[in-house]
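First comes the structure, then the notes that go with it.
In our numbering, the protein residues as written are 1 to 430.
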């Protein structure tokens, strides 16, 4: 295993150098809409229940198999493909799930095709496992470098929607040897088909034994600390690799993790359905038949509270996007080209005045001199050559629209003042 960092990790260190840790931030990697009070209350009550104690006094138990069975049944209905309980594993967030998957693929000789932008975990995990990047691709499916310059076999990472821009990406025109589907967001600032639901069409047109799905509930629920993650694989070799990893790491020991993930899958299924009550993915009786009365009641109640929270989240994101529409950003770029499909994250270009070559230093300067942490393009995968090739003049920063409107307005004014000062030669980049 390599100790060399991915370039984006080194960029992060440079951007934060000398910036006060308590400075503000405009591109956080978590949802800032408050979590559901009802969900928190239910989770708190679980700690005092007799059925829950077994999760606290042992490393594993029957509940994991039981909840895998519920998730498998629900996903089979959502995707219209067969998912067995043995295909499902719970992990400490999708981050650990992605790490386990790329570790397996690297050991089997795969290179990787990554979207730009992408989360650290994809770049850092492939880097520490010595997994080469075959190509990067943008939201139109354009690649850098061109596919005939890349080695086989290639594992294609497809993130729906993109975790940094919130956009839906067209996959590149390649024939991957393996497909990794990841989805972090379901809810956006407008009503739309949920990505986890629409993923079924891709799966029905994919060799299931050569693909894997990873997803998390933490972002839609504003509960990143719980680290609820799910991996679904029809490849027995990958499942065996994940299970073997328990001897080197103890994945998913969070007693809330599988409970939250199971409730979340049911919430997504029920939130999207068009039918009547008889079409519900799970009522209390149905869930209880699989996991027992106590856990069944908790899961069903959590699922209902999550569905209610989805509406609150959509409203919060809509307020944030309204701020974007009435800010300087609307004057400087075409909003239809940065509007997220789902999630709290958008990517705002500032390349007219600050190019890729100066972006890291400029963002560091704003952080040091204006006490506002910025997260520039180059922090989200790839390198300067790849970004220039796929997004000419697209240097930009991430903006989190789940921030309260007043705080978001204030932060955007600071960003504008800081970048304008640098472009005029005011506060100098170090």
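Just so it is clear, CB atoms sit at the ideal spot from N, CA and C, and this is done for glycine as well.
Keep in mind it's a predicted model, so treat the numbers as computed, not measured.
The Cβ-Cβ distance between residue 111 and residue 145 does not fall below 7 Å.
Annotation: residue 168 to residue 49 spans about 42 Å, alpha carbon to alpha carbon. Per the DSSP secondary-structure output, residue 419 pairs with nothing in a beta bridge. Considering only 39, 99, 393, 318, the residue with the shortest C-alpha distance to residue 333 is 393. Counting the other CB atoms within 10 Å of its CB gives residue 347 a total of 16 or more, which places it among the buried residues. For residue 357, the three-state secondary structure derived from DSSP is helix. Nearest in C-alpha terms to residue 162, of all of 384, 122, 191, is 122. Among the bridge pairs identified by DSSP, residue 115 is matched with 137. Here residue 357 is exposed. Its C-beta has fewer than 16 other C-beta atoms within 10 Å.
Between residue 266 and residue 305, the C-beta spacing is not below 7 Å.
Under the three-state reduction of DSSP, residue 260 is assigned to helix. Around the C-beta of residue 326, fewer than 16 other C-beta atoms lie within 10 Å, and the residue is accordingly described as exposed. Of the residues 118, 180, 238, the one whose Cα lies closest to the Cα of residue 108 is 238. Straight-line measurement puts the Cα of residue 343 at about 30 Å from the Cα of residue 66. Within 10 angstroms of the beta-carbon of residue 170 lie fewer than 16 other beta-carbons, which makes it exposed.
In the structure shown, residue 405 adopts helical secondary structure according to DSSP, grouped into three states. Note on residue 336: under 16 other CB atoms within 10 angstroms of its CB, so exposed under the neighbour-count rule. Annotated as distal: residue 98 and residue 206, with beta-carbon spacing of 7 Å or more. For residue 314, the CB contacts under 6 Å within the same chain, skipping 5 residues up- and downstream, are 187 in chain order.
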